[in-house]
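> I'd like to ask some things about the structure below.
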Amino acid sequence: MTKDEVGDVQNLGLWLEVDGRRYQDGNTRNMIFGIAELVSYVSRFMSLHPGDVISTGTPAGVGLGQKPAPVYLRPGQTMRLGVEGMGEQTQRTVADG
């Protein structure tokens with residue numbers, strides 16, 4: 001997507017669910033580095049084109065940080081993630097091998 005299609009890139013909701021349970025619910029306004037700064041930095045090393053994805057890390061709520069014990073993905077679980085105004089992805093986990 002291009003900047004004009006997304007809107008305010010510094011205020012986009014980010015979320016992740018596993019089997020319908022929401023583990024992560026964040027916003028780009030809480031990122032350590034702003035979107036413009038990330039795009040500028042990455043552009044020093046490679047050309048960026050509409051549709052490219054810059055992976056930046058994760059909002060709070062990762063499985064390893066769950067209390068009282070970490071939560072790990074298991075084969076057959078369904079992950080659904082989204083970015084406000086940009087769309088969603090659904091992925092199903094499978095056993096290795």
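Going by UniProt numbering, the sequence shown opens with residue 1, and the numbers climb by one from there. Backbone N, C-alpha and C define an ideal beta-carbon position, used for all residues, glycine too.
(1) Out of Gly76, Gly34, Leu73, state which residue places its alpha-carbon closest to the alpha-carbon of Gly57.
(2) Can you tell me whether Leu48 is buried or exposed? The criterion is at least 16 other CB atoms within 10 Å of its CB, across all chains shown.
(3) Do Gln24 and Leu16 have their C-beta atoms closer together than 9 angstroms?
(4) Can you tell me whether Leu73 is buried or exposed, with buried defined as 16 or more other CB within 10 angstroms of its CB?
(5) Quickly, what does DSSP pair Asp25 with across the bridge? List them, please.
(6) Check this for me: beta carbons of Thr93 and Gly65, under 9 angstroms apart or not?
(7) Enumerated in chain order, which unbroken segments of the beta strand (DSSP E) with a length of 3 residues or greater are wholly contained in the UniProt domain "Fumarylacetoacetase-like C-terminal" (2-92)?
Judging by the given coordinates:
(1) Gly34
(2) exposed
(3) yes
(4) exposed
(5) Trp15
(6) no
(7) 13-18, 21-27, 78-83, 87-92
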